[in-house]
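> Here it is, the structure, as structure tokens.
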Amino acid sequence: MSTSGEWLAGDHGTDRAVSHLRTRSAVVAHAIATIGGTFLTILGFTNIKDYVSPWLLMVITAISAALVYGLSRGVRHAHLGSAVYWSIVIPLCLVGVWVTERTAMVIFMPALLGFMLGGPRTVLFTAFVPLAIMIARGGGLSSPYAQPVFVVIYSTMTAALFTGDRILTEAIAFAAKQMRRLQAITGETNDVIIVRSSETEGKARSVFVSPSIERVLGYSADEFKRLDPGEVVHPDDAKLLAASEGSVRASEVRLKKKNGEYLWIDARSSNMHAHPDVRGTVTIFRDVSGKRNQHAAYEKLLAHQATHDPLTGLPNRRWLLDKLNAALIRARKDGHGLGVLFCDLDHFKVVNDSLGHDAGDALLSTLASAMERALRSSETIARFGGDEFVVVCEQISSPNDVVATANRLLHVLHDALDVGRQRLHVTVSMGLALMRPEHERGEDMLRDADAAMFHAKNDGRNRVATFDETMRKRAFRRHEVEQALWQAIEKNEFQLAFQPKVSICDGTLTGFEALLRWTSPDRGPIGPADFIPLAEETGAILPIGVWVLEQACQQLCLWRERYPNIALDVAVNLSGRQLHHQDIVSEIARIMKRSGLEPGSLELEITESVVMTNVTAAIERLQQLKALGVRLSIDDFGTGYSSLAYLRKLPVDILKIDRAFVSGLGRDPEDLEICRLVIAMAKMLGMTTVAEGVETEVHLDELRKLGCTTAQGFFIAKPMFAKDAELILQKLPTKNHSGHTTRPS
Numbered sequence: 001m002s003t004s005g006e007w008l009a010g011d012h013g014t015d016r017a018v019s020h021l022r023t024r025s026a027v028v029a030h031a032i033a034t035i036g037g038t039f040l041t042i043l044g045f046t047n048i049k050d051y052v053s054p055w056l057l058m059v060i061t062a063i064s065a066a067l068v069y070g071l072s073r074g075v076r077h078a079h080l081g082s083a084v085y086w087s088i089v090i091p092l093c094l095v096g097v098w099v100t101e102r103t104a105m106v107i108f109m110p111a112l113l114g115f116m117l118g119g120p121r122t123v124l125f126t127a128f129v130p131l132a133i134m135i136a137r138g139g140g141l142s143s144p145y146a147q148p149v150f151v152v153i154y155s156t157m158t159a160a161l162f163t164g165d166r167i168l169t170e171a172i173a174f175a176a177k178q179m180r181r182l183q184a185i186t187g188e189t190n191d192v193i194i195v196r197s198s199e200t201e202g203k204a205r206s207v208f209v210s211p212s213i214e215r216v217l218g219y220s221a222d223e224f225k226r227l228d229p230g231e232v233v234h235p236d237d238a239k240l241l242a243a244s245e246g247s248v249r250a251s252e253v254r255l256k257k258k259n260g261e262y263l264w265i266d267a268r269s270s271n272m273h274a275h276p277d278v279r280g281t282v283t284i285f286r287d288v289s290g291k292r293n294q295h296a297a298y299e300k301l302l303a304h305q306a307t308h309d310p311l312t313g314l315p316n317r318r319w320l321l322d323k324l325n326a327a328l329i330r331a332r333k334d335g336h337g338l339g340v341l342f343c344d345l346d347h348f349k350v351v352n353d354s355l356g357h358d359a360g361d362a363l364l365s366t367l368a369s370a371m372e373r374a375l376r377s378s379e380t381i382a383r384f385g386g387d388e389f390v391v392v393c394e395q396i397s398s399p400n401d402v403v404a405t406a407n408r409l410l411h412v413l414h415d416a417l418d419v420g421r422q423r424l425h426v427t428v429s430m431g432l433a434l435m436r437p438e439h440e441r442g443e444d445m446l447r448d449a450d451a452a453m454f455h456a457k458n459d460g461r462n463r464v465a466t467f468d469e470t471m472r473k474r475a476f477r478r479h480e481v482e483q484a485l486w487q488a489i490e491k492n493e494f495q496l497a498f499q500p501k502v503s504i505c506d507g508t509l510t511g512f513e514a515l516l517r518w519t520s521p522d523r524g525p526i527g528p529a530d531f532i533p534l535a536e537e538t539g540a541i542l543p544i545g546v547w548v549l550e551q552a553c554q555q556l557c558l559w560r561e562r563y564p565n566i567a568l569d570v571a572v573n574l575s576g577r578q579l580h581h582q583d584i585v586s587e588i589a590r591i592m593k594r595s596g597l598e599p600g601s602l603e604l605e606i607t608e609s610v611v612m613t614n615v616t617a618a619i620e621r622l623q624q625l626k627a628l629g630v631r632l633s634i635d636d637f638g639t640g641y642s643s644l645a646y647l648r649k650l651p652v653d654i655l656k657i658d659r660a661f662v663s664g665l666g667r668d669p670e671d672l673e674i675c676r677l678v679i680a681m682a683k684m685l686g687m688t689t690v691a692e693g694v695e696t697e698v699h700l701d702e703l704r705k706l707g708c709t710t711a712q713g714f715f716i717a718k719p720m721f722a723k724d725a726e727l728i729l730q731k732l733p734t735k736n737h738s739g740h741t742t743r744p745s
């Protein structure tokens, strides 16, 4: 392994090239100076003094010095000084010997100048050269050639020694400076650089450790060099780090700090054994503990978000199913009971529609906190979705334990909840399901609890219903109907029935109301009350509603082609989900255009309860439909608690009096007054009225006295399929497009 100075020089090739260039320049300068000095020395031992003036020798010496100076430009100051010494001082000393032969000046002056320019090492040689010349001249060397040869050899040795000494000193100083620079740079970084030598006798050693090791691991560089890797690397990571020593790779390992703690380190090793200036492994350590901690915290956050509801902070459906399945296994193993409460907030949609979704979210969050505080340690609540919550009750000894929990929750919600600046009274309907042998999965218990909750809703809400076999059969029946409903759409099992509407004043046929009928090949006729609410809940009402509109418009167009002089309209019910669907307006426009029906011949019926659920949104959508040219009617009027203020804002043409009020005419004064008020209100607002459920002549007479416009019901005719409805059309008087009554021939 090379020394650290060699490894460092290997990283500074440019400086080495410059230093090499300067060294060559210095050698050239010294060689010229030595030759010049030697030449002048030879002249000093000849009889040329009889022919050459000492002053001429000094001029020659000056010219030699100038020449050396020119050749030494760009050379370091120390090299230039040595060149001046050899080209000026030695010749001057020789001239002094020749002229004065004063020993003190000959020896002292070169020694003094040599010390100033070359340092202590050059004193001996700079003083000894003139002394040797004097001894030689005094007869030490009698041969006329020995003296010049002696001077040349000795002068050359002196020049080489001086130049080598100077170059070595500067090289060491340069390496030391670069090492200090590297130490300063690596000491300020957050990375630790370690150079480990090639293995010697089966063991590698660290030859360089950056000072940053002390900040990262607490060891000084020297302390770390003396440590064996086994003392620092975590036992579980030793093999991983050893595997990275012989290749270029990165790995995350744990290193022990000086205080005994372990730190996660990203170790990146590079195999540089073949590099002549390194011949070892270079490893860079970086502290990644913070990064790993952040990553672990992020993974924990992601795991929490995957299993918890962001609004309420409660566990979500995914967590609930895992929890419930595990609870089932524990309950069977330990012999404990298990219960599930399926909770659904009553009339939550009203809160969203009236106060906004922000208020609805705040209510759910407040409700969740209140319910969670009321539970025991063995009970867990989760948000199942929307306004539905599920409570898992473990380690119960009897069904009464779960009933007590349900009553406790109802009691907590008895008082108003503070939601923002408002106090809201809310109620919850709950379904209770207990673990049974047939419950193989948690989903089975949730299914039964949901069915019980649905039963609690139907029984008046704000109560608890316990699942039993009757509910199971009802839930199974509901599931069967739902599946059959979607199949009925695919297999086109629906039909339209048409119920005639007549003018009360003259008995003419004014149009039909299209009513949906479903006859299943397997179950026979299924009443609208059994599948319409289910279709509305599951979304099947959307494709069914489009089909009803298309068939009703096509049938009316067919009749108008057959009976061109008859003015008829057709009424179609529009469900709440249809009304608020984003494509309903364009869909109706498309259907009318395709069928060729005039917009004024289509009447859309919307129930009062649908309108009152969200009045603002309903008004906006009704205005869009009104812009198509269709007529609008409010169905079942009187049951949705609409006020006159809202009614006058609705762009409707017709009010349909609910059959519940019509049935009491002739015997119930209150029903009579209600009908009177509705008819008077409609007249005041410029609307016409249609009475539903007219079943007796008394009903018809009372409606005629009250001024009702139109009637429909069993007394007029029952709903019938198109073929029979056409027979009614042929029997009853009608009006033409001019408004004149036409009677069948």
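Residues 1 to 745 (my numbering) are what the sequence shown spells out, left to right. Glycine residues also receive a C-beta, built at the ideal position from the N, C-alpha and C atoms.
Can you tell me where the alpha helix (DSSP H) with Pro533 in it begins and where it stops?
Here residue 533 is taken as the residue at index 533 of the sequence shown, counted from 1. Pro533 -> alpha helix (DSSP H) spans 528-538.
> Just how far apart, CA to CA, sit Ala382 and Arg317?
By one-based count along the sequence shown, residue 382 stands at place 382. By one-based count along the sequence shown, residue 317 stands at place 317. Answer to the nearest angstrom: the Cα atoms are 7 Å apart.
> Can you say whether Trp486 is buried or exposed, counting buried as having 16 or more other CB atoms within 10 angstroms of its CB?
In the sequence shown, the residue the question calls residue 486 occupies position 486. With fewer than 16 other Cβ atoms inside 10 Å of its own Cβ, Trp486 counts as exposed.
> So, helix, strand or coil for Pro719, using DSSP?
As a first step, residue 719 is located in the sequence shown; it is residue number 719 there, counting from the start. Residue state, collapsed to three classes: coil.
> Could you pull out every unbroken alpha helix (DSSP H) segment of at least 4 residues lying fully inside the segment 306-355, listed in chain order?
317-334, 348-355
> Counting C-beta neighbours from all protein chains within 10 Å, is the total for Asn614 16 or more, i.e. buried, or is it exposed?
In the sequence shown, residue 614 corresponds to position 614, counting from 1. Answer is buried; the Cβ neighbour count reaches 16.
> Would you mind reading off the limits of the alpha helix (DSSP H) that contains Glu692?
Residue 692 sits at position 692 when you count from the first residue of the sequence shown. No alpha helix (DSSP H) holds Glu692; DSSP gives it neither H nor E.
> By alpha-carbon positions, which one of Pro235, Lys323, Arg180 ends up nearest to Ser210?
Mapped onto the sequence shown, residue 210 falls at position 210. Distances from the alpha-carbon of Ser210 to those of Pro235, Lys323, Arg180 put Arg180 closest.
> For Val428, count neighbouring C-beta atoms within 10 Å of its own C-beta (all shown protein chains included) and say buried if the count is 16 or more, exposed if not.
Taking the first residue of the sequence shown as 1, we reach residue 428 at position 428. Val428 is buried by the Cβ-count criterion.
> Within the same chain, show all residues whose beta-carbon is closer than 7 Å to that of Cys557, passing over the 5 residues directly before and after it, in chain order.
Your numbering for residue 557 matches position 557 in the sequence shown. Same-chain partners within the cutoff: Ser595, Gly596, Leu597.
> How is the beta strand (DSSP E) around Leu263 delimited, first residue to last?
The residue you call residue 263 lines up with position 263 of the sequence shown. 262-272 is the span of the beta strand (DSSP E), which, as asked, contains Leu263.
> I think Asp653 touches Ser601, with their Cβ atoms under 8 Å apart; what is that distance to the nearest whole Å?
Translated into positions along the sequence shown, residue 653 becomes position 653. Translated into positions along the sequence shown, residue 601 becomes position 601. Actually they are not in contact, since the Cβ atoms of Asp653 and Ser601 sit about 13 Å apart, beyond 8 Å.
> Figure out for me which residue from Gly507, Glu490, Arg517 has the closest Cα to the Cα of Ala497.
Here the question's residue 497 lines up with position 497 in the sequence shown. Nearest of Gly507, Glu490, Arg517 to Ala497, Cα basis: Arg517.
> Measuring CA to CA, which of Ala680, Thr689, Val698, Lys683 is closest to Ser746?
There is simply no residue 746 to check, as the chain begins at 1 and stops at 745 in what is shown.
> In terms of residues, what are the limits of the beta strand (DSSP E) holding Leu579?
Here residue 579 is taken as the residue at index 579 of the sequence shown, counted from 1. No beta strand (DSSP E) contains Leu579, which is instead part of the alpha helix (DSSP H) from 576-579.
> Alpha carbon to alpha carbon, how far is Val678 from Pro521?
Position 678 of the sequence shown, counted from the first residue, corresponds to residue 678. Position 521 of the sequence shown, counted from the first residue, corresponds to residue 521. In a straight line, the C-alpha of Val678 is about 43 Å away from that of Pro521.
> Nearest by alpha-carbon distance to Ser738: which of Phe285, Leu574, Gly280, Pro564 is it?
Taking the first residue of the sequence shown as 1, we reach residue 738 at position 738. Of all alpha-carbon atoms in Phe285, Leu574, Gly280, Pro564, the one lying nearest the alpha-carbon of Ser738 is that of Pro564.
> Among residues of its own chain, excluding the 5 on either side of Gly140, which ones have a beta-carbon nearer than 6 Å to its beta-carbon?
The residue you call residue 140 lines up with position 140 of the sequence shown. Any reading at Gly140 is ruled out, since the residue's pLDDT is 43, under 50, leaving its predicted position unreliable.
> Assuming Leu709 and Thr688 are in contact, meaning their beta carbons sit under 8 Å apart, how far apart are those beta carbons, in whole angstroms?
For the purposes of this step, residue 709 is taken as the residue at position 709 of the sequence shown. For the purposes of this step, residue 688 is taken as the residue at position 688 of the sequence shown. Going by the sequence as given, residue 709 is Thr instead of Leu. Contact flag correct, Cβ pair sits at about 4 Å.
> Taking the beta strand (DSSP E) that Glu598 belongs to, which residues open and close that run?
As a position in the sequence shown, residue 598 is number 598, starting the count at 1. Where Glu598 is concerned, there is no enclosing beta strand (DSSP E), given that its DSSP letter is neither H nor E.
> DSSP three-state label for Thr3, please.
If you number the sequence shown from 1, residue 3 lands on position 3. Reliability fails at Thr3, whose pLDDT of 39 lies under 50, so the model's placement of it is uncertain and the value that follows must be treated cautiously. Looking at Thr3 - three-state DSSP - the assignment turns out to be coil, as it is neither helix nor strand.
> In three-state DSSP terms, what is Val248?
Sequence index remark: in the sequence shown, residue 248 carries index 248 (1-based). At Val248 the pLDDT is 48, less than 50, meaning the model places this residue with poor confidence and gives no usable figure here.
> Using a Cβ-Cβ cut-off of 6 Å (strictly less than) and excluding sequence neighbours within five positions of Thr103, which residues of its own chain qualify?
Within the sequence shown, residue 103 is the residue found at index 103, counting from 1. In this predicted model, Thr103 has a pLDDT of only 47, less than 50, meaning its place in the structure is not dependable; the value taken from the coordinates is given anyway. Nothing meets the Cβ criterion.
> Would the segment 430-437 count as touching the segment 449-469 if we require 3 or more Cβ pairs under 8 Å?
yes
> Based on Cα-Cα distance, which residue from Leu263, Val207, Asp724, Pro599 lies nearest to Arg286?
For the purposes of this step, residue 286 is taken as the residue at position 286 of the sequence shown. Checked all of Leu263, Val207, Asp724, Pro599; the closest Cα to Arg286 is Leu263.
> With a threshold of 6 Å on Cβ separation, who are the neighbours of Gln578 within its own chain once the five nearest residues in sequence on each side are excluded?
As a working mapping, residue 578 is identified with position 578 in the sequence shown. Result list for Gln578: Gly545, Ile584, in chain order.
> Which value, in whole angstroms, describes the spacing of the CA atoms of Phe512 and Glu587?
Numbered from its first residue, the sequence shown carries residue 512 at position 512. Numbered from its first residue, the sequence shown carries residue 587 at position 587. Cα to Cα, the separation comes out at about 22 Å.
> Compute the Euclidean distance between the alpha carbons of Ala589 and Ala374, then round it to the nearest angstrom.
Locating residue 589 in the sequence shown gives position 589, counting from the first residue. Locating residue 374 in the sequence shown gives position 374, counting from the first residue. Those two C-alpha atoms are separated by around 53 Å.
> Check each candidate in His234, Arg423, His357 and name the one with the smallest Cα separation from Glu261.
Against the sequence shown, residue 261 aligns to sequence position 261. That would be His234, whose Cα lies nearest to the Cα of Glu261.
> Which complete alpha helix (DSSP H) runs does the segment 386-415 hold, if anything under 4 residues is left out?
Whole alpha helix (DSSP H) segments, 4+ residues: 399-412.
> Since Phe454 is in the alpha helix (DSSP H), which residue starts that stretch and which ends it?
Sequence index remark: in the sequence shown, residue 454 carries index 454 (1-based). Per DSSP, Phe454 belongs to the alpha helix (DSSP H) from 442-458.
> One question on the structure: do Leu217 and Val340 come within less than 9 Å of each other, judged by their Cβ atoms?
Here residue 217 refers to the residue found at position 217 of the sequence shown. Here residue 340 refers to the residue found at position 340 of the sequence shown. No.
> What's the C-alpha gap between Asp222 and Glu214?
Taking the first residue of the sequence shown as 1, we reach residue 222 at position 222. Taking the first residue of the sequence shown as 1, we reach residue 214 at position 214. Answer to the nearest angstrom: the Cα atoms are 10 Å apart.
> Find out if the Cβ-Cβ distance for the pair Thr426, Leu413 is shorter than 9 Å.
As a first step, residue 426 is located in the sequence shown; it is residue number 426 there, counting from the start. As a first step, residue 413 is located in the sequence shown; it is residue number 413 there, counting from the start. The sequence given here has Val at residue 426, not Thr. It is a contact, given that the beta carbons lie within the stated cut-off.
> On the criterion of 16 or more Cβ atoms from any shown chain inside 10 Å, does Ala306 qualify as buried, or is it exposed?
Position 306 of the sequence shown, counted from the first residue, corresponds to residue 306. Exposed, because fewer than 16 other Cβ atoms sit within 10 Å of the Cβ of Ala306.
> I think Val630 touches Glu603, with their Cβ atoms under 8 Å apart; what is that distance to the nearest whole Å?
Here residue 630 is taken as the residue at index 630 of the sequence shown, counted from 1. Here residue 603 is taken as the residue at index 603 of the sequence shown, counted from 1. The pair is a contact, with the Cβ atoms about 7 Å apart (cut-off 8 Å).
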